[in-house]
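Peer 1:
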Amino acid sequence: MKFSTAFRFLICAGFASLLSFSAQAHTALEMATPADGAVVKQGPAHINLVFNGPVKLVKLELMGVGHEMPTKFKPNAEAQAAFMIETPGMHPGQFTVNWAVIGDDGHTVASSYSFLVDPAAAEEHAGHDAEAGHGHGDANPH
């Protein structure tokens, strides 16, 4: 069975498109509250993470300077796009959220971001950072 050159080209172009689409379909953090780089006046009662599709959250660590903060995180068995993790006992200081998820494509994606709890933060700065809570919490999801 012989295929024309044009038909072969179309088949190759179709496979290239599929590969390109799957490369762009990786899991990404779309929103985090508190957001990356946020300065908040009070320790949050929850960390909220929203991803671009259903994922299994397999790791969440809330790290203070030199110690891990307690959270109510438990790895989930069912994929979902949004997570709210309780963070009891938050205090002033710099914090880093380390997370890892498994996406629908089976790839594990891990990243982190930081925020600051500062009760003395200026009102205009705190107001600005409330808006930042709607931004991306992950600069590099890979």
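Quick note: to get my numbering, add 46 to the position in the sequence shown (first position is 1). The beta carbon of each residue, even a glycine, is placed where N, CA and C say it ideally should be.
(1) Could you round the C-beta distance between A78 and P100 to whole angstroms and report it? I think they count as a contact, below 8 Å.
(2) For G135 versus M115, is the C-beta distance shorter than 8 Å?
(3) When you compare only the Cα positions, how much space is there between G149 and L75?
(4) A81: buried (16+ other C-beta within 10 angstroms of its C-beta) or exposed?
(5) Pull the bridge partners of T142 from the DSSP assignment, please.
(6) Which same chain residues end up closer than 8 Å to D164 when comparing Cβ atoms and leaving out the 5 residues on each side of it in sequence?
(7) Could you round the C-beta distance between A189 and T154 to whole angstroms and report it? I think they count as a contact, below 8 Å.
Peer 2: Taking the structure as given:
(1) Actually they do not touch by this definition, with Cβ atoms about 17 Å apart.
(2) yes
(3) 11 Å
(4) buried
(5) M109, S160
(6) V85, V86, K87, P138
(7) Shown here, the chain extends from 47 to 188; a query on residue 189 therefore has no answer.
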